[in-house]
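Trainee: Pasting a structure below so you can have a look.
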Amino acid sequence: MQIQLEMCTKIDLNENLSTIEIEYAKYVNDPTDAHIVAGAVNSKSRFLTTYNLKDFKIELIKREFDIIVLSPGTLLQYLRSKK
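Residues in the sequence shown are numbered consecutively from 79, following our numbering.
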């Protein structure tokens with residue numbers, strides 16, 4: 079099986095961390111994770127993969143940004159199902 083993944087993209091967030099935490103606070107349960115959502119949004123990601131699912135408001139992120147938040151194992155299952 080061969081899966082081709084797109085290259086990772088480096089995103090420069092032009093806002094300071096305090097501004098990002100305020101702007102994206104409603105999408106996380108832990109404000110220190112707000113920059114993760116900001117990066118996913120600004121890079122136009124389809125997926126946000128984390129072991130730390132409890133700190134993200136998964137349904138809200140999906141609804142407002144069309145980004146799927148899932149664990150690494152679930153992402154692998156998804157990719158394997160697309161072969």
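Ideal Cβ placement from N, Cα and C applies to all residues, glycine included. All values derive from a computational prediction rather than experimental measurement.
1) Does DSSP classify Ile-145 as helix, strand or coil?
2) Kindly indicate which three-state DSSP category Thr-128 falls into: helix, strand or coil?
3) Which two residues bound the contiguous alpha helix (DSSP H) that contains Pro-109?
4) Between which two residues does the alpha helix (DSSP H) harbouring Glu-101 extend?
5) Give a yes or no on whether the C-beta atoms belonging to Ala-118 and Ile-98 are separated by under 8 angstroms.
Mentor: Answer, in terms of the structure:
1) Here residue 145 is taken as the residue at index 67 of the sequence shown, counted from 1. Secondary structure at Ile-145: coil, using DSSP grouped into helix, strand and coil.
2) Taking the first residue of the sequence shown as 1, we reach residue 128 at position 50. Residue state, collapsed to three classes: coil.
3) Position 31 of the sequence shown holds residue 109. No alpha helix (DSSP H) contains Pro-109, which DSSP labels as neither H nor E.
4) In the sequence shown, residue 101 corresponds to position 23, counting from 1. Unbroken alpha helix (DSSP H) run through Glu-101: 95-102.
5) The count along the sequence shown starts at 1 and reaches residue 118 at position 40. The count along the sequence shown starts at 1 and reaches residue 98 at position 20. Against a cut-off of 8 angstroms, the Cβ pair of Ile-98 and Ala-118 comes out as no contact.
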